[in-house]
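Residue numbers (our numbering), protein chains in the order written: chain A, 1 to 328; chain B, 329 to 656.
In structure tokens, the structure reads:
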């Protein structure tokens with residue numbers, strides 16, 4: 001096992017969470033991650049504000065009695081705030097909020113005795129998350145799949161670690177973005193994180209709700225084949241705040257709109273109907289295949305239990321081997 | 329000491345190079361890094377094609393007899409290819425080529441018996457560097473200051489490591505981008521690198537040729553205050569290939585042109601005269617202050633010897649501490 005303050009505080013064997021990926025991380029994935037010794041999370045996504053989102057109660061059932069948490073996109077939750085009460089009634093192991101101000105939800109989460117985990121993409125977002133009483137922060141680097149910011153993990157993690165050490169040393173720090181194997185877990189620990197959030201690698205787990213065609217397309221590519229864009233959200237008419245962008249596999253849509261972000265932002269919803277039609281026929285030249293740069297480290301699907309076990313075994317080897325490079 | 333294949337192959341005490349930063353890494357910095365146990369590099373920059381560049385022979389003198397290498401911007405060197413012969417006549421410890429095809433220079437470098445180090449920003453650039461006979465590759469993440477690409481270090485390093493393990497296992501791998509302290513060195517080793525190239529932290533070394541006002545401005549900021557842009561090179565009329573962008577501190581110029589990259593690219597040299605005038609009056613609201621995201625980890629200038637010693641001491645502590653987190 002790998003022991004950190006995270007494993008101690010949450011009673012885990014391994015300091016590994018799955019990202020609460022919307023429409024991907026259901027109860028089957030979250031339950032499998034928790035049973036593997038990590039902490040599984042169900043993706044609450046847009047909190048029902050976009051339609052086609054999970055029945056949280058049913059997904060908690062699918063976790064098979066394992067202790068799992070739930071995550072939401074904070075700015076969307078703000079449009080459907082009662083969803084946090086529904087989620088808390090399911091007794092989640094934690095609530096994981098990303099992309100927006102967690103403040104308005106903090107009191108209800110704390111009153112329920114549920115730990116709050118807040119994901120940040122910049123140093124500038126840290127103080128608000130600490131003020132909301134987060135038990136743990138997640139520093140998410142730009143290499144992450146799906147929505148995120150512009151800062152990369154390598155310096156964001158230690159910079160947030162230093163800031164927390166000065167201002168709130170009890171707050172735990174996790175890393176997200178670019179972590180698909182044990183090398184990434186070991187590196188994140190070196191940089192000052194106490195655990196990791198794994199997206200892309202578990203997006204391709206057998207238990208994930210990811211369409212098979214999307215996984216096949218993504219694992220055929222390399223990490224060079226993703227792009228961060230604001231154009232796609234604008235064109236499909238999903239009103240993401242300006243500071244967040246969407247990392248997806250390059251396709252015909254991203255290439256057509258490359259370098260035309262201002263034009264896309266000026267025409268919100270321009271391709272809404274086309275995008276929905278493409279979704280219904282699973283046309284991945286138009287519909288986003290959501291994966292991070294770490295897709296270049298993913299070569300096959302597989303059960304979450306093996307993914308977590310392999311990741312941790314490799315991290316242990318890296319950590320032990322690293323110490324042996326130090327010669328006295 | 330920290331032993332890797334890099335330290336063995338180059339006879340170093342520590343697996344640390346300074347980035348050959350144009351107009352910043354002169355002989356004083358390179359010599360100090362080599363005397364501190366790493367490998368110092370003099371920045372040959374645009375190989376004289378932009379004017380105002382170093383007299384390489386004088387900078388090699390300033391290294392004070394220490395064994396140092398030299399780096400060039402490859403696409404610029406292609407416009408002044410005789411510069412590689414001048415550089416090789418100075419008997420550099422290595423030649424470090426970034427941003428362009430190293431192939432045309434490889435034969436002369438090998439004939440001189442000088443090791444070639446090639447920096448790459450994508451997986452897709454690796455095969456050309458291997459084909460050029462590089463002794464070592466540097467995987468440079470987008471978090472780096474100055475020119476670079478879009479991929480971040482966290483997954484680029486292990487993906488390149490895996491590719492080299494399959495195709496050219498003798499080729500060494502270094503990491504660049506976001507590494508300013510021992511945590512970064514330790515993390516890079518976990519990800520599969522065998523050494524690191526440090527830019528921003530040594531950009532702020534006492535021996536660097538960096539203007540004091542630029543360092544003061546940069547260290548007053550955080551890692552949130554840099555931006556990667558193609559607009560500035562276009563506006564100042566420096567013809568960088570499309571795939572590379574410039575990471576600098578945000579200032580009035582970057583904010584004015586944010587989101588207007590296509591417009592800037594369509595008007596090359598639009599602000600050339602204004603930019604030169606601003607440079608002559610050291611107006612940092614217009615002229616670029618070149619720093620990477622790791623500037624948030626840099627809080628003061630200091631001698632290169634202390635920077636390298638502290639970085640290595642911290643890395644050793646991280647590596648030993650990481651192994652202790654593994655419980656059997």
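The beta-carbon is built from N, C-alpha and C at its ideal position, and this holds for glycine as well. Small disclaimer: the values here were computed from a predicted structure and weren't measured.
Asked                                                                                                                           : Found
The segment 518-530 of chain B / the segment 478-490 of chain B touching (three or more Cβ pairs under 8 angstroms)             : yes
Terminal residues of the beta strand (DSSP E) in which residue 18 of chain A lies                                               : 16-18
Nearest-angstrom Cα separation, counted from residue 503 of chain B out to residue 329 of chain B                               : 18 angstroms
Heavy atom of the ligand SAM within 6 angstroms of residue 110 of chain A beta-carbon                                           : Annotation note on the ligand SAM: not contained in the displayed structure, which lists no ligands.
C-alpha gap between residue 542 of chain B and residue 612 of chain B, whole angstroms                                          : 7 angstroms
Simplified DSSP state of residue 190 of chain A, which is helix, strand or coil                                                 : helix
Beta carbon proximity, residue 219 of chain A to chain B, threshold 7 angstroms                                                 : no
Cβ neighbours of residue 163 of chain A in the same chain (closer than 8 angstroms, five flanking residues each side left out)  : 123 and 126
Contact set for residue 495 of chain B: own chain, Cβ-Cβ below 7 angstroms, skip 5 residues either direction                    : 458
Touch test, the segment 613-623 of chain B against the segment 292-302 of chain A, Cβ-Cβ under 8 angstroms, three pairs minimum : no
Listed by chain order, chain B residues near residue 325 of chain A by CB distance under 8 angstroms                            : 330, 331, 332, 517 and 647
Through-space distance from residue 524 of chain B to residue 389 of chain B, alpha-carbon basis                                : 25 angstroms
Integer-rounded CB distance, given that residue 423 of chain B should sit under 8 angstroms from residue 398 of chain B         : 6 angstroms
Residue from B/573, B/595 and B/553 whose Cα sits closest to the Cα of residue 583 of chain B                                   : B/553
Meets three-Cβ-pair contact criterion under 8 angstroms: the segment 250-267 of chain A and the segment 303-312 of chain A      : no
Where residue 364 of chain B sits in the DSSP three-state scheme                                                                : coil
Neighbour list for residue 507 of chain B in chain A, Cβ cutoff strictly below 9 angstroms                                      : 154 and 155
Boundaries of the alpha helix (DSSP H) in which residue 528 of chain B is found, first to last residue                          : 528-531
Where residue 555 of chain B falls: helix, strand or coil (DSSP)                                                                : strand
Cutoff 7 angstroms: residue 231 of chain A Cβ touching any chain B Cβ                                                           : no
Contact list for residue 551 of chain B against chain A, beta-carbon separation under 7 angstroms                               : 123, 151, 155, 156 and 159
For residue 404 of chain B, three-class secondary structure by DSSP                                                             : helix
Residue 328 of chain A, buried or exposed, once every other Cβ within 10 Å from all chains shown has been counted against 16    : exposed
Buried or exposed (CB count within 10 angstroms, at least 16 for buried), residue 288 of chain A                                : buried
Nearest-angstrom Cα separation, counted from residue 599 of chain B out to residue 581 of chain B                               : 10 angstroms
Interface flag, residue 471 of chain B vs chain A, CB-CB below 7 angstroms                                                      : yes
Beta carbon of residue 446 of chain B nearer than 7 angstroms to that of residue 418 of chain B                                 : no
Integer-rounded CB distance, given that residue 472 of chain B should sit under 8 angstroms from residue 506 of chain B         : 7 angstroms
Buried or exposed (CB count within 10 angstroms, at least 16 for buried), residue 207 of chain A                                : buried
Sequence-distant residues of its chain with Cβ nearer than 6 angstroms to residue 250 of chain A (five each side left out)      : 225 and 227
Span of the beta strand (DSSP E), counted from its first residue to its last, around residue 116 of chain A                     : 116-120
Distance between residue 344 of chain B and residue 374 of chain B (C-alpha atoms, nearest Å)                                   : 24 angstroms
Residue 262 of chain A versus residue 229 of chain A: straight-line alpha-carbon distance, rounded                              : 11 angstroms
Distance, residue 387 of chain B Cα to residue 74 of chain A Cα                                                                 : 54 angstroms
Endpoints, the alpha helix (DSSP H) within which residue 125 of chain A is located                                              : Neither: residue 125 of chain A is in no alpha helix (DSSP H) and is coded neither H nor E.
Residues from the segment 569-589 of chain B in contact with chain A, defined by Cβ distance under 8 angstroms                  : 587, 588 and 589
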